[in-house]
Amino acid sequence: MSYHNQYTIKVLDHVKVSPPAGSVPTISLPLTFFDIKWLLKPKNLPVRRLYLYEFPYPTHHFMQTVLPFLTHSLSVTLQHFFPFASNLVCPPKPQKPYIHYVNGESSISFTVAEWSNANFNLLIADYPRDVKILHPFVSDLPSENTLEDGTVIVPLMSIQVTVLPNSGLGLCFTYHHVNTDGKGFLHFLKSWSSICRTRGEYMTLLQKDSPFYNREIIKDPDAIELNFLKQWWNMETELKEDGPEGKILTYYDMVRATFVVTETHIRKLKQWLSLKCTEYELRKLKMSTFVVSCALIWVCLVKSKEFLNNNDEDELYHWTFGIDCRKLLQYPIPPTYFGNCLAPCYVPLNKRQLVGENGIFEAAKAIANKVSESKTGALTWFTERASSGKKIDYPNKYAVAGSPQLEGYKVDFGWGRPKKLEAVHIDEVDSIAISDSRDSEGGLEVGVALRRTEMNNFSAILGHHLKTLPGSLSNL
25 MSYHNQYTIK
35 VLDHVKVSPP
45 AGSVPTISLP
55 LTFFDIKWLL
65 KPKNLPVRRL
75 YLYEFPYPTH
85 HFMQTVLPFL
95 THSLSVTLQH
105 FFPFASNLVC
115 PPKPQKPYIH
125 YVNGESSISF
135 TVAEWSNANF
145 NLLIADYPRD
155 VKILHPFVSD
165 LPSENTLEDG
175 TVIVPLMSIQ
185 VTVLPNSGLG
195 LCFTYHHVNT
205 DGKGFLHFLK
215 SWSSICRTRG
225 EYMTLLQKDS
235 PFYNREIIKD
245 PDAIELNFLK
255 QWWNMETELK
265 EDGPEGKILT
275 YYDMVRATFV
285 VTETHIRKLK
295 QWLSLKCTEY
305 ELRKLKMSTF
315 VVSCALIWVC
325 LVKSKEFLNN
335 NDEDELYHWT
345 FGIDCRKLLQ
355 YPIPPTYFGN
365 CLAPCYVPLN
375 KRQLVGENGI
385 FEAAKAIANK
395 VSESKTGALT
405 WFTERASSGK
415 KIDYPNKYAV
425 AGSPQLEGYK
435 VDFGWGRPKK
445 LEAVHIDEVD
455 SIAISDSRDS
465 EGGLEVGVAL
475 RRTEMNNFSA
485 ILGHHLKTLP
495 GSLSNL
């Protein structure tokens, strides 16, 4: 496999990993409107998450001592998280799509590869690097299959582990968002890593923390699901035509970088924004870590883009993120509910407000208000989209992928915590990856993929804002 002549890997093995024989019966899971939402996206590109670990051992050591229990522990974990080994079944209308696991047949595609000349320190660096440098870690989802009656069978996950001899390991997960949200994925990943690290001792705890699969707990009095299904049946669904595997594109002069917003930066931002609320006699808005960090990044992104465009038109921009509804609906949903349970939030703001003297304050105010609104009207977007019967356009959109609350840096398979987390899929969409920080307790990591010139501008603008925090805060 090779994504680029400069970055070539060698595939050592390819296997199918299933739950232990007979441990999971043949079973189907219906989709809720939270899941079907992901079928309505114009580009059904999969999520691609990469975990890079330090591993100072040769390849043969990995193959002989690590791989056997890694795959065994994955098999045991899939007994509890069988949807990852399942397929999405899309029958012709008016039948509904569903997730289907077949005992003795369903499995995850698991690839083992070696990248002998990789520079591990370069791969885990924060500074800008060619986006293609991470592509060799990625394996595509297996091809979909179309039956004679037109039913489309779509695999939901593939995994690739790549050995960098005597330096590191890369674990990359490619999966379709229709299966579950980030909370469900991290529940699976932390369970697998804990079973692997403890050599199975975690199994007793997993029994008490098992995923909850009863989809009937999601209520739908407004018939959102039916309206979404009608839209999906009537649209030219790229999921059916091209499959969700969506080959990684080649981007000219595009780089990715990671920026750390420390706990000190966040604390000072919160203090300044709280003072601004008092100054303008606004009701007390909750300036959370997420809100203030998003406001800062949004302003810097717009400024870096507008610096290149030099456009005087006052365009409308949107910042979008998902909010977990497990605690926000009028009925209880278990925290271990497996599936999608995110409500999208779209925050509009004019360019002049974002790049103006009080840009970060305006952005934080708008984001905080949206978070507050979502706590009492979490399903507003769903009802509006269902009633409109069509896609709602959000121009100049930046989307947040991930959350620091998921604590991805705590995923330890027995080789220590990750040296770097990467959301590889942000190369293909206008998304910003946000996670907890590897080295800064209470801080955040922000992953960005931009054209090189725009990245240079973004880095300079963000650096300026962070440096002025202790001093002239009015410049924010």
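Following the numbering used here, the numbering of the sequence shown begins with 25 at its first residue and continues without gaps. From the three backbone atoms N, C-alpha and C, an ideal C-beta is built for every residue, glycine too.
Under DSSP, the beta-bridge partners assigned to C114 are V176. DSSP places L69 in the coil class of the three-state scheme, outside both helix and strand. Looking at N382, I357, G363, R409, the one whose alpha-carbon comes closest to that of C369 is R409.
Of the candidates I33, F197, I248, the residue whose Cα lies closest to the Cα of F108 is F197. Taken through DSSP and simplified to helix, strand or coil, R441 comes out as coil. A residue is called buried once 16 or more other Cβ atoms fall within 10 Å of its Cβ, and R72 is buried on that count. Boundaries around R475 are those of the beta strand (DSSP E), 468-475, since no alpha helix (DSSP H) includes it. D336 counts as exposed, since fewer than 16 other beta carbons sit within 10 angstroms of its beta carbon. When DSSP reads this structure, M311 sits in no beta bridge, so it has no partner. Rounded to whole angstroms, the gap between the alpha carbons of I450 and A149 is 17 Å. Taking C-beta atoms as the reference points, H342 and N420 count as a pair closer than 8 Å. Counting only runs of 4 or more residues that sit fully inside the stretch 32-63, the alpha helix (DSSP H) segments are 57-60, in chain order.
Between the alpha carbons of G192 and G438 lies a distance of about 13 Å. In the DSSP assignment, Y418 forms no beta bridge with any residue. Straight-line spacing of the CA atoms in P54 and N481 works out to 46 Å.
Around the C-beta of Y226, 16 or more other C-beta atoms lie within 10 Å, and the residue is accordingly described as buried. Burial is judged here by how many other beta carbons sit within 10 angstroms of a residue's own beta carbon; Q119 has fewer than 16 and is exposed.
About 26 Å separates the Cβ atoms of V316 and L332, ruling out a contact at the 8 Å cut-off. The residue from L353, W322, I347 with its alpha-carbon nearest to that of I485 is W322. For the pair L112 and R307, the Cα-to-Cα distance works out to about 46 Å. Its chain contains Y433, R441, P442, K443, K444, L445, E469 as the residues whose beta carbon lies nearer than 8 Å to that of R462, once the 5 sequence neighbours on both sides are disregarded; these appear in chain order. Spanning the alpha carbons of T302 and Y422 requires a straight line of approximately 29 Å.
Scanning the stretch 178-242 for uninterrupted alpha helix (DSSP H) segments of 4 residues or longer gives 206-221, 227-232, listed from N- to C-terminal end. Here R280 is buried. Its C-beta has 16 or more other C-beta atoms within 10 Å.
When secondary structure is reduced to three states using DSSP, D463 falls in the coil class, being assigned neither helix nor strand. For L91, the enclosing alpha helix (DSSP H) stretches over residues 91-102.
Assigned with DSSP and collapsed to three states, S131 falls in coil, not helix or strand. As DSSP reads the structure, R153 sits in a beta bridge with R280. Sequence-distant partners of N190 (beyond 5 residues in either direction) whose C-beta falls short of 7 Å from its own C-beta, in its chain, are P80, Y81, P82.
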